[in-house]
Amino acid sequence: MHFHIITIFPEYFDSPLKVGLLGKAITKGLIRISLHNLRDFTTDPHRVVDDVPYGGGEGMVFKPEPLYRAISYIKEREPEAKVIYLTPQGRLFTQRVAEALSREKSLILICGRYEGIDERIREKFIDEEISIGDYVLFGGEAGALVVIETISRLIPGVIGKSDSVEKESFTSGLLKYPCYTRPREFLGLRVPDVLLSGDHTAIERYRRRESLRLTLERRPELLKEANLTSEDFQILGEFLKKMRIYILLLHYPVYNRQGEIIASAITNLDLHDLARLARTYDLSGVYVIHPDPEQRSLAEDLIRYWTQGRGSKINPLRSEAMKLLLLCKDFDEAIEDLTRREGEPPILVGTDASPKREFIRIKELQVLLWKKPIAIVLGTAWGLTEEFLDRCDYFLEPIWGRIDTYNHLSVRTAGSILIDRLLGVYTIQRKIREFKRS
Ligand SMILES: C[S@@+](CC[C@H](N)C(=O)[O-])C[C@H]1O[C@@H](n2cnc3c(N)ncnc32)[C@H](O)[C@@H]1O
Numbered sequence: 088m089h090f091h092i093i094t095i096f097p098e099y100f101d102s103p104l105k106v107g108l109l110g111k112a113i114t115k116g117l118i119r120i121s122l123h124n125l126r127d128f129t130t131d132p133h134r135v136v137d138d139v140p141y142g143g144g145e146g147m148v149f150k151p152e153p154l155y156r157a158i159s160y161i162k163e164r165e166p167e168a169k170v171i172y173l174t175p176q177g178r179l180f181t182q183r184v185a186e187a188l189s190r191e192k193s194l195i196l197i198c199g200r201y202e203g204i205d206e207r208i209r210e211k212f213i214d215e216e217i218s219i220g221d222y223v224l225f226g227g228e229a230g231a232l233v234v235i236e237t238i239s240r241l242i243p244g245v246i247g248k249s250d251s252v253e254k255e256s257f258t259s260g261l262l263k264y265p266c267y268t269r270p271r272e273f274l275g276l277r278v279p280d281v282l283l284s285g286d287h288t289a290i291e292r293y294r295r296r297e298s299l300r301l302t303l304e305r306r307p308e309l310l311k312e313a314n315l316t317s318e319d320f321q322i323l324g325e326f327l328k329k330m331r332i333y334i335l336l337l338h339y340p341v342y343n344r345q346g347e348i349i350a351s352a353i354t355n356l357d358l359h360d361l362a363r364l365a366r367t368y369d370l371s372g373v374y375v376i377h378p379d380p381e382q383r384s385l386a387e388d389l390i391r392y393w394t395q396g397r398g399s400k401i402n403p404l405r406s407e408a409m410k411l412l413l414l415c416k417d418f419d420e421a422i423e424d425l426t427r428r429e430g431e432p433p434i435l436v437g438t439d440a441s442p443k444r445e446f447i448r449i450k451e452l453q454v455l456l457w458k459k460p461i462a463i464v465l466g467t468a469w470g471l472t473e474e475f476l477d478r479c480d481y482f483l484e485p486i487w488g489r490i491d492t493y494n495h496l497s498v499r500t501a502g503s504i505l506i507d508r509l510l511g512v513y514t515i516q517r518k519i520r521e522f523k524r525s
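Just so you know, we're using the numbering used here here: the sequence shown kicks off at 88 and counts up by one.
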């Protein structure tokens, strides 16, 4: 792999390219680095590479001509070289991107400075724009080093044992398992016994389990792309069972359109849809709360039909879902029952279409999923009362409209969107696709 670096600070790379395995790889010729000082491609006595931006504004911009000459100079010698501009506006650099680029013969890395480079170079001469993260550096040099280090580790011969690369975070699709070394005990902290057992199968199994756990807790989105075995799915299922999430569907106290406090009617659709939602996302239950015994008995009949009656024979899948419905006369009874089931009271999360309180974002709530049971309270009719929201530990960010503030969703839809936002990243169980015989 040949890396060409276009920069106004070639000295920036003096030491990083001399140390460690990268330094050795360059010495061995496995990696070639060519530094090109952009000022060498200027034609004026002051070797100017930048100028003020058209339209005014802060900072300076790299001029197109020196960049054009530098790129052309390299391309004349290595026409297949891929031109990369390091910029915060580029595609996020990941292990997958590095793997793809490591298959190139040579790369030209353009390091910007100041406000960046003239747009016409980006339009005409750049093959790919890469960002190393959502932050802004002084210049592209640090980004170029990140790209060089990551890709170099994938070049055969640079890292002694190839499997040490294969088992690394991201390369395996998962985060790497925890590592320990001597001493066996440090500040009272012991190395896990399995690692001292000499039982390589058990050690491998422990390490895989730890990788799955860490990835699930810290970067669950990676699991969607990872190559997982049925044993992996089983282990992940065990970990996911630790999450205890309930929906509480409140029919009283809620508001009507006039803002009066009412009790709304239980609807068949709400029960079916929230039950299926709960089963799909493996919620622990859906509390259907209504003070009117007649309403509850209507719901009981419906649930019995689907869980014990003819419905359970006609549609066992529906029956499975409907078993997750729990009827209660009021909120306190539901919380009491939930606390008895979980051995601790839940974190109460109120919801509404309007930002009635300071709200918690989905990402913040996801952190709590591993800690305590969570009860997401959905209001029917025109929503939960202020008094009720005062009893909640958190208020969840409403679902906003896309083009204007219209966001009047049915409770079923709102519940589905909120649950998918909260748990969608953990939905990793894929059905095997059955191809229709043509
Ligand atoms: C100060 S930055 C310019 C940032 C630019 N004004 C912007 O807001 O997008 C100067 C140079 O640093 C490099 N750079 C800054 N942040 C980067 C990042 N996250 N990834 C890759 N390169 C970056 C780019 O080469 C950029 O041209």
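For every residue, glycine included, the Cβ atom is placed at its ideal position computed from N, Cα and C.
Looking at Arg200 and ligand 1, is the gap between the Cβ and the nearest heavy atom below 8 Å?
Reading the sequence shown from its first residue, position 113 is the one you call residue 200. Yes, ligand 1 has a heavy atom inside 8 Å of this Cβ.
Quick test of your reading: Ile353 and Gln321, contact by CB under 8 Å. State the CB separation rounded to the nearest angstrom.
On the sequence shown, residue 353 is found 266 positions in, with the first residue counted as 1. On the sequence shown, residue 321 is found 234 positions in, with the first residue counted as 1. Contact flag wrong, Cβ pair sits at about 37 Å.
Sorry if obvious, but does the Cβ on Asp221 come closer than 8 Å to a heavy atom of ligand 1?
As a working note, residue 221 is residue 134 in the sequence shown. Answer for Asp221: yes, Cβ within range of ligand 1.
Grouping DSSP H, G and I as helix and E and B as strand, with all else coil, what is Ile515?
Sequence index remark: in the sequence shown, residue 515 carries index 428 (1-based). Residue state, collapsed to three classes: coil.
Please state whether DSSP places Gly107 in a helix, a strand or coil.
Looking up residue 107 in the sequence shown gives position 20. If DSSP states are grouped into helix, strand and coil, Gly107 belongs with the helices.
Leaving out five residues before and five after Glu188 in sequence, what residues of the same chain have Cβ atoms less than 6 Å from its Cβ?
Locating residue 188 in the sequence shown gives position 101, where the first residue counts as 1. According to the sequence as given, residue 188 is Leu; it is not Glu. Counting only Cβ-Cβ distances below 6 Å, and skipping sequence neighbours, we find Ile238.
Alpha-carbon spacing of Ile461 relative to Leu404, whole angstroms
In the sequence shown, counting from the first residue as 1, residue 461 sits at position 374. In the sequence shown, counting from the first residue as 1, residue 404 sits at position 317. Each residue's Cα considered, the two are about 25 Å apart.
So what's His89 in DSSP terms, helix, strand or just coil?
As a working mapping, residue 89 is identified with position 2 in the sequence shown. Of the three classes helix, strand and coil, the one that applies to His89 here is strand, per DSSP.
Are at least three pairs of beta-carbons, each pair with one atom in the region 371-387 and one in the region 411-418, less than 8 Å apart?
yes
Counterpart residues of Glu272 in DSSP-defined beta bridges:
On the sequence shown, position 185 is the one that residue 272 refers to. In the DSSP output, where bridge partners are listed per residue, Glu272 has Arg277.
Does the distance from the C-beta atom of Ile161 to that of Ile195 stay below 9 Å?
For the purposes of this step, residue 161 is taken as residue 74 along the sequence shown, with counting starting at 1. For the purposes of this step, residue 195 is taken as residue 108 along the sequence shown, with counting starting at 1. It is a contact, given that the beta carbons lie within the stated cut-off.
Excluding sequence positions up to five away, which residues of its chain have a Cβ less than 7 Å from the Cβ of Leu224?
Here residue 224 corresponds to residue number 137 of the sequence shown, with the count starting at 1. Excluding residues within five positions, the ones whose Cβ falls inside 7 Å are Gly230.
How far does the beta strand (DSSP E) with Ser256 in it extend, from its first residue to its last?
Along the sequence shown, read from residue 1 onward, the residue named residue 256 stands at position 169. Where Ser256 is concerned, there is no enclosing beta strand (DSSP E), given that its DSSP letter is neither H nor E.
What three-state label does DSSP hand Glu291 in the structure shown?
Walking along the sequence shown from the start, residue 291 turns up at place 204. For Glu291, the secondary structure class from DSSP, reduced to helix, strand or coil, is helix.
Distance between Gly110 and Gly247 (C-alpha atoms, nearest Å):
On the sequence shown, residue 247 is found 160 positions in, with the first residue counted as 1. On the sequence shown, residue 110 is found 23 positions in, with the first residue counted as 1. About 14 Å.
For Lys211, report the span of its alpha helix (DSSP H) as first-last.
Numbered from 1 along the sequence shown, position 124 holds the residue referred to as residue 211. 206-212 is the span of the alpha helix (DSSP H), which, as asked, contains Lys211.
Taking 9 Å as the cut-off, decide whether the C-beta atoms of Leu264 and Ile208 are in contact.
Against the sequence shown, residue 264 aligns to sequence position 177. Against the sequence shown, residue 208 aligns to sequence position 121. According to the sequence shown, residue 264 is Tyr rather than Leu. Taking 9 Å as the Cβ cut-off, Tyr264 and Ile208 do not qualify as a contacting pair.
Just the Cα atoms here: how many angstroms apart are Met409 and Ala362?
Residue 409 sits at position 322 when you count from the first residue of the sequence shown. Residue 362 sits at position 275 when you count from the first residue of the sequence shown. When rounded, the distance between both Cα atoms is 5 Å.
Look at the Cβ atom of Ile506, then the Cβ atom of Phe482, and state whether they are nearer than 9 Å.
Within the sequence shown, the letter at position 419 stands for residue 506. Within the sequence shown, the letter at position 395 stands for residue 482. Not in contact: Ile506 and Phe482 (Cβ atoms no closer than 9 Å).
Which residues mark the beginning and the end of the alpha helix (DSSP H) in which Gln321 is found?
Residue mapping note: residue 321 aligns to position 234 of the sequence shown, counting from 1. 317-327 is the span of the alpha helix (DSSP H), which, as asked, contains Gln321.
N-terminal and C-terminal residue of the beta strand (DSSP E) that Ile238 is part of:
Taking the sequence shown and counting its residues from 1, one reaches residue 238 at position 151. For Ile238, there is no enclosing beta strand (DSSP E); the enclosing alpha helix (DSSP H) has its first and last residue at 228-239.
Does the beta carbon of Pro175 fall short of 8 Å from some heavy atom of ligand 1?
Within the sequence shown, residue 175 is the residue found at index 88, counting from 1. Answer for Pro175: yes, Cβ within range of ligand 1.
When every heavy atom of ligand 1 is checked, does at least one fall within less than 8 Å of the C-beta of Tyr172?
Start at 1 with the first residue of the sequence shown, and residue 172 comes out as number 85. Yes, since a heavy atom of ligand 1 falls inside the 8 Å radius drawn around the Cβ of Tyr172.
Beta-carbon spacing of Asp439, Leu476 below 9 Å:
Position 352 of the sequence shown, counting from 1, holds the residue named residue 439. Position 389 of the sequence shown, counting from 1, holds the residue named residue 476. It is a contact, given that the beta carbons lie within the stated cut-off.
Using CA coordinates, which residue listed in Ile197, Ala168, Arg190, Glu165 is at the minimum distance from Pro151?
Here residue 151 is taken as the residue at index 64 of the sequence shown, counted from 1. Checked all of Ile197, Ala168, Arg190, Glu165; the closest Cα to Pro151 is Ile197.
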